[in-house]
Each structure stands twice: as structure tokens, then as C-alpha cells.
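Asks: Mind having a look at this structure? Questions to follow.
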């Protein structure tokens, strides 16, 4: 699979944030989907650690990594506050998907299952 | 009559927008609708300005200043004055509307740039600690991707890759500028307001297709439906129905093969825009010739 330049770092970081516990490089490889080489992931983790984006602790023979809540996280919280305020942000900050109500969710789920039935 | 043609053609272009958004490859549709919207807005503004001028040209004050005969113009087009007054009012209202919307848009873009710059350089990804499922692209230099922990935890590895690539696509292709172009076009020509939701849809589809180039289409669809459901903040009731249809459309489009380019679907709207531009040129030449006629009559009257 083709990947964007610099995208691997985000992917590793996203996997660490998604995990409830600290992850070893092998666990990160699994969390990403298993199609990356162990050494690649390890290199990225070391680089992220050098940048201060992740913390690590000894876990058996390997290190286990956790994401660090840095200033980026705090700024992101400010952004969340901005989003809550409303306004033109929707046009500037593209949302991955729009907000759905419970009824909309049901309608969407119905649509999806109907689609699958047609197959 | 040619002076009114750009107004009519821009309305037709806007009417075709939703169908074009659905049927053309999303990147082609985005460029066609945002670029075409600017052309249509320019053409309709020019024709309104021309209608206003045609009315004012008959006013005795302007006629004597310009040294042409107002009565010749009046004889040629008796309805020009009321139309000109209406056009002048429209031009003023739309100019104010343009300034207001452009100002608001500029403030929003600057705000996004400030936010993107406020995020320290740990990379493109900023994680928001929140149980909500949200993801945004923040345009800036460089742009940033913001994702909530709630959404990251709801996705598997492949789906997270799809999500990141989707947001990256928004930044890489500067989708916010296409939105801005449509908002400005609709500001000076409200007939074009249908372009805004159409281009929002095509840019989302464009980003979905880019995500589908790094992972299977089913994975992108899975990420979308996961993100659309679950713990989400409340939003005004009016946007909800459209939102559900929007996500369902996008998931449906991912179930089909990527749309193919059909030339007549570009040729038809491009023809409309070309006709609008030509109509402006013809109407300007007509006015010019009429004024020349009135100038000759004025000079004859002086002798």
C-alpha cells in the first residue's frame, strides 16, 4: 500500500492514542494493521520519542510507548472550545462526517444493511 | 435581451450543480463548480452593472456630461430607467453582501491559520482528548489534522489510515479555497448558492477517493460509518437530515467504482459559461454602439 510522506508518524501516533495502555513496537505493528516492518515502526517510535511526542518505559526486553499530552494537546483543547462555539468553523475545518442524531443513525444503518442485502 | 442572458445562464449552471457533483469525478466536479461559479458570478455582475449604466445614461445630468443625447437612448429603450434603478439597488445590496461575506470568510481563514500555527511542530497530527467522534483539517502553513481520541479508539488500524489520508487530502488540495470561491460567487449572485453544498459534497468525495487510494474502498466506507455513529455532540436540528443523506451518499459512492469522466458533462456547463461570457461581450458592444449613436445625435443637435 502506498503511503503519504510523513504519514507513518501520524499513523503510529494515532495508534498509540487509540490504545488504552502503553504499546511495545510489536503491538504498534499489530495496531496499525500489520503491514509495516517492525524495524520501520521502531525507527518511527525512536524519532517520536526524540521529539518528545511519546514517553517510554521498559517492558520486558522492549520499551512500551505512550503518547505525551504536550502543548499540542492543550492547543487542540482550545480548538475544541472554538468548535463548540460554532460559527463559520465548519467551512474552514472540514469535518470527516457531519453530526448525526440517533434517528439519522438508524436511517443510515438501514441504508447500509439494505445495500448489503442487494449484493 | 442579451444583457439578461448571463443571469439566466448562471441560474441554469447552478441548477445543474447537484447533478454534476454526483456524476463527475469529484476533483473534476470541484474545479468545474468553483471555477465556473466565479465565471458565472463575474458575468452576472457585469450584466447587472451594464443594466444600471443603461438606465443612468438616460439621466439628463449624465447625458450632458457625456455629451450624448438622452432622448435618443430613451427612444431606443423606454424601460431602461426603471430597470436601471432596480439594477443599481441590486448592485449596491450585493456589493454590501459581498463585503460582509468576504470579511467573515477572511476572518475565519485567518483564525484557522492562527490555530494551525499555535499547534507546536510535533507533526501534522493534533489529538483532542474528547469522547466525541470528530476529525478536522485545519488549513494553515503547514495545515494540521485534528482528531478526537473518541474517534481514534472507535477505528481499527486501516480505518485510521483512511481517516488521516482523507484529512490530508483536504489540506493538500486546499479544499477550503474552493469553498471560499463558491461562497464569494454566491455572495454576488445568490442564484449560485446551490454551489456551496455541491462543492462541500465534491470535496468530501474527493478526499474519500484519495483515502481509497491508500486502502481498500470498504475500509474507507467502514471508517465513515464508524465516525458517523456513536457519541456525538448535539447540532442544530436543521442540518441533521442533510448530514445523514450526505454520509449515506458518500458510503454509497464508495460502494461503486470510482466515477469516470464524461466529456459532455463538462462540455455542457462549460458551454453555458462561455455563452454567458459572450453575452456580456455582446451586450457591452451593443451599449457602446448605442452610446455612439446618441453622441452623433447630440453633436447634430449642437450644430
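Residue numbers (the numbering used here), protein chains in the order written: chain C, 1 to 119; chain F, 1 to 303. Think of the CB as a built atom: it goes at the ideal place given N, C-alpha and C, for glycine as much as any other residue. Bear in mind the structure is a predicted one, so any value in this text is a computation, not a measurement.
1) Check this for me: beta carbons of residue 125/F and residue 18/C, under 9 angstroms apart or not?
2) What does residue 149/F touch in chain C if you count any residue whose Cβ is under 9 angstroms from its own?
3) Please say whether residue 298/F and residue 72/F have beta carbons closer to each other than 9 angstroms?
4) Mind checking the segment 18-45 of chain C against chain F and listing, in chain order, the residues whose C-beta falls within less than 7 angstroms of any C-beta there?
5) Are the segment 179-192 of chain F and the segment 127-134 of chain F touching by the rule of at least three beta carbon pairs closer than 8 angstroms?
6) Does the segment 43-58 of chain F come close enough to the segment 82-90 of chain F that 3 or more CB-CB pairs lie under 8 angstroms?
7) Does chain F have any CB closer than 9 angstroms to the CB of residue 55/C?
8) Which whole-angstrom value is the C-beta distance of residue 212/F and residue 220/F, which I expect to be below 8 angstroms?
9) Please report how far the alpha carbon of residue 26/C lies from the alpha carbon of residue 225/F, in whole angstroms.
10) Would you kindly work out how many angstroms separate the C-alpha atoms of residue 5/F and residue 128/F, rounded to a whole number?
11) Answer yes if the segment 196-213 of chain F comes into contact with the segment 162-180 of chain F, meaning at least three C-beta pairs across the two stretches below 8 angstroms, and no otherwise.
12) Report the rounded CA-to-CA distance for residue 157/C versus residue 190/F, giving the unit in angstroms.
13) Could you spell out where the beta strand (DSSP E) holding residue 56/C opens and where it closes?
14) Could you pull the start and end residues of the alpha helix (DSSP H) that residue 347/F belongs to?
15) Skipping 5 residues on each side, what residues in its chain have a beta carbon closer than 6 angstroms to that of residue 24/F?
16) Per DSSP, what kind of secondary structure is residue 26/F in: helix, strand or coil?
17) In the structure shown, what three-state DSSP assignment does residue 139/F receive?
18) Helix or strand or just coil, what does DSSP make of residue 63/C?
19) Report yes if the C-beta distance between residue 273/F and residue 13/F is below 9 angstroms; otherwise report no.
20) Looking at the strands, I want to know which residues DSSP matches up with residue 148/F.
21) According to DSSP, simplified to helix, strand and coil, what is residue 155/F?
22) Quick one: Cα of residue 303/F to Cα of residue 296/F, how far?
23) Are the C-beta atoms of residue 38/F and some chain C residue less than 9 angstroms apart?
24) Classify residue 65/C: buried if its beta carbon has 16 or more other beta carbons within 10 angstroms, exposed otherwise.
25) Quick check: the segment 60-67 of chain F against the segment 145-160 of chain F, are at least 3 beta-carbon pairs closer than 8 angstroms?
26) Would a check of beta-carbon distances place residue 14/C closer than 9 angstroms to chain F?
27) So is residue 89/F in contact with chain C if we call contact Cβ pairs under 9 angstroms?
28) On a CA-only basis, which of 159/F, 145/F, 142/F is nearest residue 215/F? Give me that one, please.
29) Can you find a C-beta in chain F that's less than 9 angstroms from the C-beta of residue 60/C?
30) Mind checking residue 285/F: buried by the 16 CB within 10 Å criterion, or exposed?
31) Measuring only between beta-carbons, confirm whether residue 127/F sits less than 9 angstroms from chain C.
32) Going along chain C in order, which residues have a C-beta closer than 9 angstroms to the C-beta of residue 145/F?
Replies: Checking against the coordinates, here is how it stands:
1) no
2) 17, 18
3) yes
4) 18, 31, 32, 33
5) no
6) yes
7) no
8) 5 angstroms
9) 29 angstroms
10) 51 angstroms
11) yes
12) Chain C is shown only over 1 to 119; residue 157/C falls outside these bounds and no answer can be derived.
13) 54-59
14) The structure shown does not extend to residue 347/F, since chain F is modelled only from 1 to 303, so the question has no answer here.
15) 265
16) helix
17) coil
18) strand
19) yes
20) 128/F
21) coil
22) 11 angstroms
23) no
24) buried
25) no
26) yes
27) no
28) 159/F
29) no
30) exposed
31) yes
32) 10
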